[in-house]
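Trainee: Shown below is the structure under consideration.
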């Protein structure tokens, strides 16, 4: 639906909540289908699956409609481990990440953003 708006000159936002749970469901289906497991028992094409999904977000040029689709993927980490397979895959595809920490939230810091782990790779000309 978001692509329809993008292709017709409008702007859309899509939030994928949560790609880590989607990856686990895909992992279980792949194991049931006896597909060979890869790193952390995820199928080897889970990175391709996420990149194909997230790279559909784009800004069109004026000649092709001038619409845009912004994607905000959400991934859950286990014990705050952003170096796990699925979080690192999503981080490598996106233009940055905002890392939230429950300890900061419990101390009353809101939004509970860990500024040391949060990164933007979008330049000033974006």
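Residue numbers (our numbering): 1 to 126. C-beta atoms are modelled at their ideal positions from N, C-alpha and C, and glycine is treated no differently. Note that the coordinates shown come from a computational prediction; the quantities given were computed from them, not determined experimentally.
Starting from residue 73, follow its DSSP beta bridges and name the residues at the other end.
Mentor: 16
Trainee: Using CA coordinates, which residue listed in 61, 81, 99 is at the minimum distance from residue 114?
Mentor: 99
Trainee: Keeping to the same chain, check which residues put their C-beta closer than 7 Å to that of residue 50; ignore five residues upstream and five downstream.
Mentor: 19, 89, 90, 93
Trainee: Given residue 27, which residues of its chain have a CB within under 8 Å of its CB, disregarding the five upstream and five downstream residues?
Mentor: 37, 41, 42, 43, 46
Trainee: Who are residue 37's beta bridge partners in DSSP?
Mentor: Its beta-bridge partners are 43.
Trainee: When we look at the beta-carbon of residue 120 and count the other beta-carbons within 10 Å, is it buried (16 or more) or exposed?
Mentor: exposed
Trainee: Does residue 52 come within less than 8 Å of chain D when only Cβ atoms are used?
Mentor: The structure shown contains no chain D; it is built from a single protein chain.
Trainee: Spatial neighbours of residue 78 within its chain, please: CB distance less than 7 Å, with the 5 preceding and 5 following residues excluded, ordered by chain position.
Mentor: Closer than 7 Å at the Cβ level, and outside the excluded window around residue 78, lie 84.
Trainee: Give the DSSP bridge partners of residue 59, in chain order.
Mentor: 68
Trainee: DSSP has residue 11 in a bridge; who is on the other side?
Mentor: Beta-bridge analysis with DSSP links residue 11 to 68.
Trainee: Relative to the C-alpha of residue 12, which residue among 80, 48, 69 is closest?
Mentor: 69
Trainee: Any idea which residues DSSP pairs residue 113 with across the strands?
Mentor: Answer is 100.
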